[in-house]
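Worksheet: one structure, shown below.
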Amino acid sequence: MPCWQAGGRGFVQVLGEHFDQFFELVLCNGNAACGNGGPVGYHVQLIEMRCYMSAQQWDYSFDVVVVGSGNGGLTAALCSYEMGTRDVVVVEKSDLYGGTSSISGGGVWIPCNRYAKEAGASDSLANARTYLRQLITEEEVPDYQLDAFLENGPKMVDFLHERTQMRYVTLEHYPDYYTNLEGAMVGHRSMEPETFAASELGEEWRRLRRTHPMMHLGGLIGFTQVEAALLIGQQPGWWKTAAKLVAAYIADIPWRLKDKYHRRLATGCAGVARLRASMQDRDIPLWLNTPMRKVIDEDGVVTGIEVTRNGETVRIQARKGVILAAGGFEHNQAMREQYLPQPTDHRWSAGTLDNTGDAILEGQRLGAKMHRLGEAWWCNTISVPGEAIPRLSIMEKSYPGSIVVNPAGERFSNESQNYMAFQQETFAKHSEENPCNPSWQIFDASFRARYFVGPLYNSAFRPDWALPKRYEAEGFFAKADTIPELASKIGVDPAGLLATVTKMNGYAVTGIDPDCQRGDSAYDRYYGDPRFSPNPCLAAIDKPPYYAMKVDPGDFGTQGGMVCNADAQVLREDGSVIQGLYAIGNCSAPTLPCYPGPGSTLGPAMTFAYQAAKAITGYRES
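Quick note on this note's numbering: the sequence shown kicks off at 1 and runs consecutively.
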């Protein structure tokens with residue numbers, strides 16, 4: 001209901017018109033400490049009192065309004081509720097909840113988290129900070145932001161573990177992405193969600209955005225990141241793991257009668273499901289098909305949002321704060337062309353199609369300071385004919401026995417390094433004279449038999465004759481008996497490709513890649529195959545037929561957004577706070593722009609959701 005109904009110019013309305021003076025006189029008593037740099041509690045009181053005296057007409061009123069239903073948004077809602085502010089709503093643009101978090105691998109990078117400690121890992125926040133400061137300058141990420149993440153990330157994990165259904169598993173063997181740097185760890189800083197039964201969600205299961213097909217066997221059976229390393233790389237025991245997953249899927253007859261998808265949820269889908277189930281326990285409302293159209297502000301103070309719901313314009317009051325967690329602008333082609341390196345195409349992005357920069361555009365309109373709009377969370381993608389969004393190419397290109405080449409048939413980067421670094425090098429090497437796009441992953445029959453390669457799987461699971469003809473017809477995939485013939489089919493220089501393959505076959509013998517140093521780091525070797533020596537990341541490409549799969553310079557979301565303080569409050573260019581407005585996740589400026597390890601987006605998003613909730617509610621850790 002409206003916080004105030006206009007009914008003539010009474011005392012309250014007059015007072016509202018002179019609120020700033022009233023606030024200074026009564027609450028602050030002239031104390032300058034209550035200004036923009038003062039206690040958050042005073043600002044919350046200001047927002048609440050301004051809402052009470054506002055002449056706005058509201059259709060709905062809540063203490064906290066969260067925009068976006070990924071890990072960050074759902075964490076913000078749960079933390080606000082558990083910290084004592086029970087009147088919370090989450091609005092979501094799509095007809096499905098979970099955003100890009102749900103289709104992701106679900107990793108959360110938090111140094112010194114409880115699950116790592118329980119596993120006996122030896123780490124410290126000092127080591128993590130040392131590691132990060134070699135990758136991130138203070139100009140890129142101020143000390144207050146980095147320290148807030150490091151100090152509060154473990155507290156956020158504890159808070160969710162103790163109060164909600166959120167549970168994680170430490171990734172013991174998944175290393176930081178720059179293992180050559182001081183303070184890096186070869187495991188335990190990243191977590192993945194424990195698997196979760198879809199049946200626990202009831203009908204809400206049908207509204208959950210499912211994990212990308214790349215993380216499913218046959219598009220139906222989800223697997224964890226640990227299982228993925230076994231399956232895709234066909235490491236020892238992979239057949240047993242696959243058989244176990246398939247057998248459990250078939251045997252679950254009661255669920256088979258209800259749904260074609262596996263009851264067992266894994267990776268990003270499991271993480272979102274656990275958060276949503278925790279919201280259901282508390283009856284926190286989630287409104288789907290409710291896109292935000294406008295952030296409502298009065299005299300520089302955010303008091304609510306305007307949305308479209310059931311075809312009508314609806315105004316929602318936020319008595320204590322609006323938390324924007326609505327993702328980036330990866331599917332806004334105009335913004336991509338304005339800000340991102342070229343070439344760029346939203347069809348190459350693996351982010352959720354609904355991420356069109358709505359929150360960022362509203363932040364810009366309100367005068368928020370912006371940072372790193374020219375960057376994204378880069379990763380090669382493969383656009384599979386018939387699939388709505390492309391797949392990330394994280395593991396396939398890393399295994400020994402394949403290379404990625406440009407139109408000249410030349411390599412331009414270390415295929416086994418982390419995906420962010422690979423794509424950044426792609427842009428650095430790209431030019432009109434020597435383009436790196438389109439690029440192709442090249443491999444042979446041995447590689448095709450050994451490893452899962454995107455939708456091709458391997459030749460045992462999906463032989464060549466079973467591949468859809470449209471793969472070749474639409475230019476996604478090619479096959480030939482010789483390297484020059486393959487090159488001609490994909491528009492790559494035959495002599496250049498033959499020379500590159502010949503050279504790489506020599507490197508496989510010596511174990512040394514002088515061109516790109518493939519296999520030199522611990523991260524490289526994480527996806528290496530110990531069956532090959534002297535370098536587990538290098539193997540010959542010499543058994544026909546030969547194959548090519550097109551890869552694009554894609555991403556899984558844009559990186560830049562609103563600059564915030566340690567409490568996730570949005571800042572203006574002059575450093576002042578936009579009262580009542582908070583931003584987390586990919587609509588805020590990144591905390592870990594270098595992507596230091598698996599889960600470097602979800603970790604900060606959830607941590608600053610926790611920080612925003614503390615600021616709004618006044619919660620203090622015991």
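Using N, Cα and C, we set each Cβ at its ideal position, and we do this for glycine too. Only a predicted model underlies this, so the values are computations on that prediction, with no experimental measurement involved.
Kindly indicate which residue of the options has the alpha-carbon position closest to the one of residue i.
i	options	result
His216	Ile232, Arg207, Asn355	Ile232
Phe443	Thr195, Asp481, Tyr97	Asp481
Gly222	His262, Glu200, Gln235	His262
Thr248	Val226, Asn113, Leu220, Ala445	The residue you asked about is not Thr; residue 248 is Ala in the sequence shown. Comparing Cα positions, the closest option is Leu220.
Ser190	His346, Arg620, Thr601, Gly618	Thr601
Ser459	Tyr547, Tyr339, Val141	Tyr547
Gln441	Thr356, Val404, His371	Val404
Asp297	Val563, Lys320, Arg86	Lys320
Ala116	Gly105, Tyr174, Gln364, Leu132	Tyr174
Val226	Val509, Ile253, His188	His188
Ile103	Asp345, Cys112, Asp252, Thr267	Thr267
Cys269	Phe447, Glu192, Asp567, Leu78	Glu192
Tyr451	Leu171, Glu118, Thr137, Trp238	Trp238
Asp87	Glu396, Gly120, Glu415, Asp283	Asp283
Pro604	Leu150, Thr211, Gln234, Thr224	Leu150
Ala121	Glu200, Ala350, Val186	Val186
Glu203	Ala508, Val453, Arg276, His371	Arg276
Less than 8 Å separating the beta-carbons of residue i and residue j?
i	j	result
Thr381	Gly554	yes
Leu366	Gly560	no
Ala273	Leu208	yes
Pro400	Pro536	yes
Pro455	Lys550	no
Leu265	Thr195	yes
Pro213	Glu474	no
Gly327	Gly98	no
Gly557	Ala376	yes
Gln417	Tyr526	no
Phe159	Tyr457	no
Pro154	Arg114	yes
Glu330	Asn355	yes
What does DSSP give as the partner residue(s) for residue i in the beta ladder?
i	result
Ser439	Val551
Thr558	Ala376
Thr313	Thr308
Tyr631	Outside the modelled stretch of the chain, which goes from 1 to 622, sits residue 631, for which no answer is possible.
Thr170	Met191
Val91	Val67, Trp287
His216	Gly222
Asp297	Val302
For residue i, which residues of its own chain have a beta-carbon under 8 Å away from its beta-carbon, when the five flanking residues on both sides are left out?
i	result
Asp641	A question about residue 641 goes unanswered here, because the residues of the chain that appear run from 1 up to 622.
Ile316	Trp58, Asp59, Tyr60, Ser61, Phe62, Val65, Val89, Val91, Gly304, Ile305, Glu306, Val307
Leu135	Tyr178, Leu181, Cys594, Pro596
Pro633	With the chain covering 1 to 622 only, the question about residue 633 has no answer from this structure.
Ala499	Gly409
Thr313	Arg293, Glu306, Val307
Ala449	Asn458, Ser459, Ala460
Go through its chain and collect everything with a Cβ distance to residue i's Cβ below 7 Å, but skip five positions before and after it.
i	result
Lys260	Leu220
Arg620	none
Met606	Asn71, Gly72, Thr75, Val108, Met156
Asp656	The structure shown does not extend to residue 656, since the chain spans only 1 to 622, so no value can be given for it.
Arg347	Ser383
Ile616	Val44, Val64, Ser80, Thr85, Lys320, Gly321
Cys51	In this prediction, Cys51 has a pLDDT of 49, which is less than 50 and means its spatial position is unreliable; nothing more can be read from the coordinates.
Phe461	none
Asp515	Arg411
Can you name, in chain order, every residue of its own chain whose Cβ lies under 6 Å from the Cβ of residue i, other than the five neighbours on each side?
i	result
Phe647	It is not possible to answer for residue 647, since the shown part of the chain is limited to 1 through 622.
Pro545	Ala445, Lys479, Asp481
Met83	Ala613, Thr617, Tyr619
Gln145	Thr591
Met420	Trp378, Tyr595
Phe412	Asn406, Lys429, Cys436
Phe608	Ala568, Ile584
Thr352	Gly99, Thr100
Leu25	With a pLDDT of only 37 at Leu25, under the threshold of 50, the placement of this residue in the model should not be trusted; the figure read from the coordinates follows. Nothing meets the Cβ criterion.
Between residue i and chain B, is any beta-carbon pair separated by less than 8 Å?
i	result
Arg86	No chain B is present in this structure, which holds just one protein chain.
Stretch-stretch touch, CB-based, cutoff 8 Å, three pairs: the segment 171-188 with the segment 68-87: no
Take every Cβ of the segment 304-312, pair it with every Cβ of the segment 387-403, and state whether three or more of those distances are shorter than 8 Å. no
Using 8 Å as the cut-off, can you tell me whether the segment 160-171 makes contact with the segment 237-245, which would need three or more C-beta pairs spanning the two stretches below that distance? no
Hey, is the segment 287-294 in contact with the segment 90-105, meaning 3+ C-beta pairs nearer than 8 Å? yes
Measuring CB atoms only, is the segment 408-426 touching the segment 577-588, in the sense that at least three cross pairs come out at less than 8 Å? no
On the three-pair Cβ rule with 8 Å, is the segment 357-365 touching the segment 561-570? yes
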